[in-house]
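Written out below as structure tokens is the structure these notes cover.
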Amino acid sequence: MNEQNIVYPYIPNSVPAVKKEMLETIGVSSVEALFEDIPQHLRIKGKMDLPEPIHDEYSLMRHVKNLLSKNSNTSENLNFLGAGCYEHAVPAVCDEINGRAEFLTAYAGQTYSDHGKFQAMFEFNSLMTELLDMDFLALPQYDGPAAAASALRMAARLTGRREVLLPRSINPETLSLIKNYVHSVTDPINVVLVNIDGESGTLDMEDLKSKVSDNTAAIYIENPGYLGTFEPKAEEIGNIAKDKGAEYVVYCDPISLGIVAPPSHYGATIACGDLQALGMHMTCGGAQAGFIAGGDAERAAQLKDVMIGIADTQKQGEYGFAMAGVFNTSYFAREDCDEYTGSGTALWCITAGVYLALMGPKGMEEVGQSIVQKARYAADRISELEGVTVTFNSPFFKEFVVNFDGTGKSVEDINQALLGQNIFGGKDLSAELPELGQSALYCVTETKTQQDIDVLIDALKAVTQ
Amino acid sequence: MNEQNIVYPYIPNSVPAVKKEMLETIGVSSVEALFEDIPQHLRIKGKMDLPEPIHDEYSLMRHVKNLLSKNSNTSENLNFLGAGCYEHAVPAVCDEINGRAEFLTAYAGQTYSDHGKFQAMFEFNSLMTELLDMDFLALPQYDGPAAAASALRMAARLTGRREVLLPRSINPETLSLIKNYVHSVTDPINVVLVNIDGESGTLDMEDLKSKVSDNTAAIYIENPGYLGTFEPKAEEIGNIAKDKGAEYVVYCDPISLGIVAPPSHYGATIACGDLQALGMHMTCGGAQAGFIAGGDAERAAQLKDVMIGIADTQKQGEYGFAMAGVFNTSYFAREDCDEYTGSGTALWCITAGVYLALMGPKGMEEVGQSIVQKARYAADRISELEGVTVTFNSPFFKEFVVNFDGTGKSVEDINQALLGQNIFGGKDLSAELPELGQSALYCVTETKTQQDIDVLIDALKAVTQ
Amino acid sequence: MARNPQTLLRDYHAARWDEEMIMDLGEPGERGVKVPVAESEITSRVGDASSLVPTQLLRRTPPALPEVSQPRVNKHYTRLSQETMGSNVGNDIGQGTCTMKYNPVSQLHVATRHPGMTELHPLQDESTLQGILEMYYKLQEMLKETSGMDAVSLQSCGGGQAIYANASVVRAYHESRGDHQRDEVITTLLSHPANAAAPATAGYKVVTLMPTESGIPDMDALKAALSERTAAVFITNPEDTGVFNGDIDKLVQAAHDVGALCVYDMANANGLLGITRAREAGFDLCHYNAHKTFSTPHGSMGPALGAQCVTKELEPFLPKPIVCFDGERYSLKYDCPHSIGKIRSFIGNASLVCMAYTWIMNHGADGLREVAEVSVINNNYLYEKLKDIPGLTVYFAEGRRRLEQIRYSWDPLFAETGVGSDHIRARMVDYGVQSFFASHHVGRHEEEPLADQIVSEAMTPEPCESFSKDDIDEYAAVMAQISKEAYETPELVKTAPHNSSIHNVPIPFMEDIVTQAGTWRLYKKAKNLD
Amino acid sequence: MARNPQTLLRDYHAARWDEEMIMDLGEPGERGVKVPVAESEITSRVGDASSLVPTQLLRRTPPALPEVSQPRVNKHYTRLSQETMGSNVGNDIGQGTCTMKYNPVSQLHVATRHPGMTELHPLQDESTLQGILEMYYKLQEMLKETSGMDAVSLQSCGGGQAIYANASVVRAYHESRGDHQRDEVITTLLSHPANAAAPATAGYKVVTLMPTESGIPDMDALKAALSERTAAVFITNPEDTGVFNGDIDKLVQAAHDVGALCVYDMANANGLLGITRAREAGFDLCHYNAHKTFSTPHGSMGPALGAQCVTKELEPFLPKPIVCFDGERYSLKYDCPHSIGKIRSFIGNASLVCMAYTWIMNHGADGLREVAEVSVINNNYLYEKLKDIPGLTVYFAEGRRRLEQIRYSWDPLFAETGVGSDHIRARMVDYGVQSFFASHHVGRHEEEPLADQIVSEAMTPEPCESFSKDDIDEYAAVMAQISKEAYETPELVKTAPHNSSIHNVPIPFMEDIVTQAGTWRLYKKAKNLD
Ligand SMILES: Cc1ncc(COP(=O)(O)O)c(C=O)c1O
Ligand SMILES: Cc1ncc(COP(=O)(O)O)c(C=O)c1O
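See the structure below:
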């Protein structure tokens, strides 16, 4: 093969003379001899049918940039989509650090070779546990929903029970993911949905009380919820869980925690969520990272992923780090684990650490304030539009449901019209939550100026009237 | 001042409590006391009248990106402008290395603290001298024209003469820069222009011979010239210089030197040019960097900028580096120097080194071939257009003059029309070289595909016919 | 004149910055970054933020985060990065099975910097995502060809997750046929542990086949284990011994014979690209780790990308959404009634899809085969350089050819000198070479895993196609040097590292590390600091 | 609990990669990058490249460049970068007068990555450059305000070049008035050497005033030097002694009285921003180094940006082009009959204009004044920490207040211990602190410059506003430690560095270095290598 004797820049030994020399050292006359253990009938016949390669970097980059330019991005458009992936301000230092070749291309190096990586991860744990006010944190998972699903299995292990209670207002995609994850050939966990109060969007306490039982492994809430509202009865719900000996799992938005109490302050035994808001570009959903934290050693022992441990080196005041709890993970325990582990999203936890270090308590407070104020302003202005209402009357953080039933227009039509004005309208909820009518989930973060919001209002007015 | 007690993220000690503590240590009660030596009548009255600042990074970046988006760039448009600043392929490794914080933000660190920077510069010198086949190279200057101007003063010092011969086809802006630089209150250098053959665009040998004399400090040529053509008589010109005891200064395009003989091979005593083609983005002209090289120690001693020297450390096989020739520069010799030195363009020489290391002899050969072929193809196709001619009949490297007189249209009109089709047409020469009529200088590099060129041809056809 | 590692090793010292803990930097009041606050018109209209949050949910004490200026934060993390031997910086041959491939800077830059990638919301209207969807679709098509499978999903964000998604598909497949008796999965001890753990997560009982001296699983043992309770076999080939099981198709056939599916862990297909595929051996499912085989960066341990590939029959069970193309427009299909549902929120790791697509487009069919050939040449060349080093031995199947990696053991060295693989891994750092990865089963420890009893003092280097002959020579020379030191001056090795960013962590502390979780506040509490 | 430098210094070691010379890496045939070649249709139409170049100009032997794969090139330079103590990484307080200001990452990224900046050709139609021209114009306006001058040119690409451009303006001004007798320029010894060299380049004879014990130039000497032959006075205030000359306006007046112009070197205006300006003292011209005062990066020593500021009267002489604004459109004016012409090709360093604009927009008037105040506080605080260190002394004007920097001397230490500033600079590296800059006049050397006889064993730290109290404390603690070492174990300091990327270069070699130019081929020739 490679009959043209192409030399590939990323394959140093593709130089024919070098290959020949190496084969001589090995003592074979051709590379074919090295594949002798692969029987002919298992070989691919002929050459794979792949697109013509673009060998030179410039042309390849031009090709790729051309493709990327076919996307419209949120720098060129005004974006009000959220629903789990958020457009927040990303400090350039976050990009700088996660773009450093050392962090970006590192992997399995340990205590001595990758000290800096471990310190950065350990620091993330230290920063994040301050934000959460909870002591134990594992390395981050694939995304928030994965963390939530894992938390529910943790709860099942901790309680020996196989039923979990979730709010009916949960993101249907999250629910789908959880359901697959808690399913089991041999011993599935039962998922029960608790109703939502139609006016406030918060958990229906009566329904909760009627569904919670001695079989309940966990009560799971989101605060703020998928539909944006805070859960004012969070503490009461925690007490109900406690009374029944169930775990209390709370999914939260870490960027809210400068002004909003962390789950541990109202009784959560396990907290989880997604780190993407903390310094990561949206990247089309590619920068999600699920965190999961436990309040005590008992919970820590149930984390499926490794943590980072610290110890003194021979030199006073110097520390070394390594993966902790690794023997409890499936890397060692294999099928004896109830959950598998693997490459997660370490780069994003390093980045989130940088973000928290830059922000400090004051930054976290200000960003929370900015968001809640701007979102409220947008909701207030939107609800002034004729035929348009904000569905729930509870306080909310950065998202809120907008109902367009009174305009006689569908969300789809409205969003298409907004798109024509370079605005990405809120997520269309009409298919997944038909009970909400023609509704959309709008998201407003600190990145939106008053003027941006006013532009949206004007566009909505034009589009709906 | 700063009465709001703003804390600035880039000014750690802007924290009021910290400032207070430091002032106490200093033993003064207010910062005002530290400015006591500045008399009141020299003080600015009140606050400076500057735009309202944008304190937060996100809003500031949005503001700046907004401004940059008001530019149209060459990724969105097909660019055929050159004339000293060139759109070549920039390998991503070049960006990676010159974007590394260590190189980007370093400055005056020396042998032990900035070893890597020095090695990278030393390597650039080593690589570049191979390309030029000349032994001595100074750290790079502001741009190619500055290097050319400095070469002419070197020649004057070396010969003790005060007249230099330049081709009339030199870029008028380069000429302007040179004229200012060789001007002197006390002892100016006289600039004499040598005619160009109207057909070939090459130097008029008769005129040269008539102007060269025992007063000639240097014959200066550009190869390829500003108008794109090679100088086939380069060696003969060198001999004429040698005969008269003059220096032979050749300005060349380093990206041509994989296929084109370097100036040293045809007698140049000093070579110069601009590095921008070797791995730097155009950056609106912000990535120019002038190199200047001498063939022997006598010339080396006349370089106005520092070089990099190498020496053995205490450990066998290990090297240290430092600025060489620094005592000859104006850093030490002050006014005893004929020329000043200062911060030049070191980052670009590191980058050019990376470029040459990536390219190797084969890459340099291929890029030269690609350019000369593509440029020729473009010229051939253009000259097929009615009323459009390629002015000079000599071989050229990447640029060539296109004359539109036969179309009855001005270059300005043509370029405006091309712009409407997202094409940046060649540089309009009609004002600076009226003798060429309505002509434009087109540049075609390896970045242009056949299709790009065909797009240009179609557009030109539509526009001129 | 380049350095000859036989006579002169690199005189290395890691950057040592002795950086404070971030928690201890800065002064109260310092700021690292400012955020865009609400305009005064907004605040005067909506009021204080505290009035917009239910009182009982207001945070009462601010989080105890440090307050640090931006120059210091940036310096801190830049310094920590220098204390990390990323694969584009160090010599990572040692990271066998974890394949540290060169990540071309061009693809890193375009996918992490271009706003057409970074500034996309995954729920944007499909018309505004045509570029990225095209890359998904085309990468799917490419991987269909490299694997020979009929359908590909790029939703999984790691190898483990792809194996789990495969286990979910297996489960959904059998369930869809009303076949509820199958509650067992068979794997081999030397397959990556995720092949045991992910099916276990899906609720399967796992049967593990032990390796034999031949280095490949024992067909008789497999046949004995197979039954109508077997849902699937999850297997790697070659395992990290590097020995290719030429009877893999017979193994697959045996599984099919009892109605079980067969799942191929092709996470690391470096030795196989263009040579053999899941299809030829008859597999029903397989997966790739793009971060091993298709050059997406490891990111210190994720984000990653697992590509799940299945036969036509299993396509309906793939996770949602499916990226489709109707000849004109690319779209996301969510209406998939048999799908296992969501595996990952949104559409997975889009920027990694972009990188893997780019990398394959750069190589083409010939280039991918070149990857395999050079990987295998490199590995066998390294073997020649390592095979006579005193104290080092190869496990399993003496004399057989290996593909892209080999599992070695330092057992003899340990027996003779007391220097074991943990010591060697620490010592390597002193020579500027990344510590080797022992296999997925590290160290000697009380809770010693089964696999470690089978190959103890393991070392599994993988000199994939990114490494030059010089790199391999250097790696081998470092190994030879450390072996020599172990015999001559064992204490030197046992007290290593000496040139790392930090000093040696004595064994009792090291055990502390690996058993104790930690944060700075827990540490300070434990040590009565503050 | 952050480290207290009084009791515990940073345990530093620079990254030491012992990297081979790039010239020696790789193997014949390796490629680092491929280039887009001409399509076959093109080549068949136009023929071989060799037929398109005049035969006598064809290169006959390929350049002896190395042939190296991309992974290795990238590794090589990344490693070299780690061996460099960039200012965003190290503690650069020592780089006095060279001000190492924090370069905000945001402005670096936007100006080096945004295609609206990097992918611009300077000759594009003005309508396509409105964004960058707006930044030029607005930065000009801002600098008019910070300097008090009437017109600004951003064409110069370094401080030296700006001074040269100022000298050219001076020359053109006098010439325009037919005043040809003025062939002298006066400067002071402690003004940056470019203030002597750039006017000399323009053909002026330079008269240098010696410093006095007061730390400021002697007015009587100035008056004696001034005459109708004086074209201009080029001066810095404060010089790098940090002592502000409160009589600067009288000095300017004296020059004006003889018809000379006055040029203020405000390259480093860190202690002055918002406090005092060229205008108030009556200067006719001045310049800033954006890379010192307005936070553009130093780039290892350029590219840089010098901003030239002049009075209305001198505006016609500014270099071409001039950036104009008619209230609607920004444009470039080339039609300037009195202009000195081009100083730099195209329009200068546009990306640095973008950065400086961004940085000032971030600070505003209050922020710039905060820069000055904190710079001056930091410097005086550092003085308190340094003043009692044995062996260290301050030159000039004992007891007077200093602004942003101070010139110290290790003369006493040298006299008492034989440890001089060169040794100390090497030793500092062992503590992870950037070597100090001696002033623009380094070392002891046969060709000892005049200035060095005046302040020998100089050290000129400048703790500009980017440094925290902790940074300053650390710097002072390192100085105290080295002073202690010099008295107790002088050999330790004299043989430094011990923790650098390389070992000590013995003095005879060091002298070799600074006197010999070099390339790898010259070195090999000299050593008979190969
Ligand atoms: C063969 C094999 N399979 C699966 C995995 C798991 O992949 P991940 O770490 O992405 O979860 C790995 C990773 O090391 C592997 O080598
Ligand atoms: C006061 C002063 N003037 C002028 C210069 C020269 O600037 P540049 O190095 O950019 O040429 C410097 C640089 O050190 C300086 O400090």
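Residue numbers (the working numbering), protein chains in the order written: chain L, 87 to 551; chain E, 87 to 551; chain U, 49 to 578; chain H, 49 to 578.
Where a beta carbon is used, it is the ideal one built from N, C-alpha and C, also for glycine.
Shortest alpha-carbon distance to glycine 142 (chain U) belongs to which of U:Pro369, U:Gly447 and U:Asn427?
-> U:Asn427
C-alpha gap between phenylalanine 483 (chain E) and leucine 294 (chain E), whole angstroms = 23 Å
Ignoring anything shorter than 3 residues or poking outside the region 184-258 of chain E, list the beta strand (DSSP E) runs there in chain order.
-> 249-253
List, in order along the chain, the chain U residues whose C-beta lies closer than 7 Å to that of serine 145 (chain E)?
-> Pro84
Sheet register partners of methionine 409 (chain L) (DSSP bridge) | L:Ile394
Provide the residue span of the alpha helix (DSSP H) that contains cysteine 634 (chain E), from first to last.
-> This structure cannot settle anything about residue 634 (chain E), because the visible part of chain E is limited to 87 through 551.
Do glutamate 321 (chain E) and isoleucine 307 (chain E) come within 8 Å of each other at the CB atom, strictly closer than that value?
-> no
Under three-state DSSP, which class holds isoleucine 92 (chain L)?
-> coil
Which full runs of the beta strand (DSSP E) of 3+ residues lie inside the region 355-391 of chain L, going along the chain?
-> 356-360 and 376-380
Within the same chain, show all residues whose beta-carbon is closer than 7 Å to that of valine 121 (chain H), passing over the 5 residues directly before and after it, in chain order.
-> Gly80
Straight-line gap, leucine 128 (chain E) to isoleucine 454 (chain H) (C-alpha atoms, nearest Å) | 22 Å
What are the boundary residues of the beta strand (DSSP E) that serine 480 (chain L) is part of?
-> It is not in any beta strand (DSSP E) - serine 480 (chain L) carries neither H nor E in the DSSP assignment.
Using a cut-off of 8 Å between C-beta atoms, extract the partners of tyrosine 185 (chain U) located in chain H.
-> Under the 8 Å cutoff, chain H gives no residues; its nearest Cβ is about 26 Å from tyrosine 185 (chain U).
When Cβ atoms are compared, which residues of the region 320-341 of chain E fall closer than 9 Å to chain U?
-> none
How would you list, in chain order, the residues of chain L whose beta-carbon sits under 8 Å from the beta-carbon of leucine 113 (chain U)?
-> Leu213, Glu216, Leu217, Leu442, Ala443, Met445, Gly446, Pro447 and Met450
Should tyrosine 252 (chain H) and isoleucine 283 (chain H) be called a contact, given that it needs their Cβ atoms to be closer than 8 Å?
-> no
At 8 Å on the CB atoms, spell out the chain L contacts of aspartate 66 (chain U), in chain order.
-> Glu404
To the nearest whole angstrom, what separates the beta carbons of glycine 406 (chain L) and alanine 397 (chain L), a pair I think is in contact under 8 Å?
-> 6 Å
The region 172-195 of chain L: positions lying closer than 7 Å to chain H by Cβ | Ala178, Val179, Asp181, Glu182 and Ala187
C-alpha distance - tryptophan 458 (chain H) paired with leucine 570 (chain H), whole-angstrom precision | 37 Å
How long is the line joining the alpha carbons of alanine 33 (chain U) and valine 291 (chain U), rounded to whole angstroms?
-> Chain U is shown from 49 up to 578; residue 33 (chain U) falls before or after that span and cannot be answered.
Cβ of leucine 73 (chain H) within 8 Å of any chain U Cβ = yes
Among H:Leu156, H:Met197 and H:Thr249, which residue has its Cα nearest to the Cα of alanine 419 (chain E)?
-> H:Thr249
What span of residues does the beta strand (DSSP E) with threonine 537 (chain H) cover, start to end?
-> Note, threonine 537 (chain H): premise wrong, no beta strand (DSSP E); not H, not E.
Scan the region 101-188 of chain E and note each continuous alpha helix (DSSP H) run of 4 residues or more that stays entirely inside, going in chain order.
-> 102-112, 143-155 and 178-185
Under the rule that 16 or more other beta-carbon atoms within 10 Å means buried, what is glycine 491 (chain U), buried or exposed?
-> With a pLDDT of 33 at glycine 491 (chain U), under the threshold of 50, the predicted position of this residue should be treated as unreliable, though the coordinate-derived value follows. So glycine 491 (chain U) ends up on the buried side.
Taking only the alpha-carbon atoms, compute the straight-line gap between isoleucine 395 (chain U) and cysteine 370 (chain L) and give it to the nearest angstrom.
-> 8 Å
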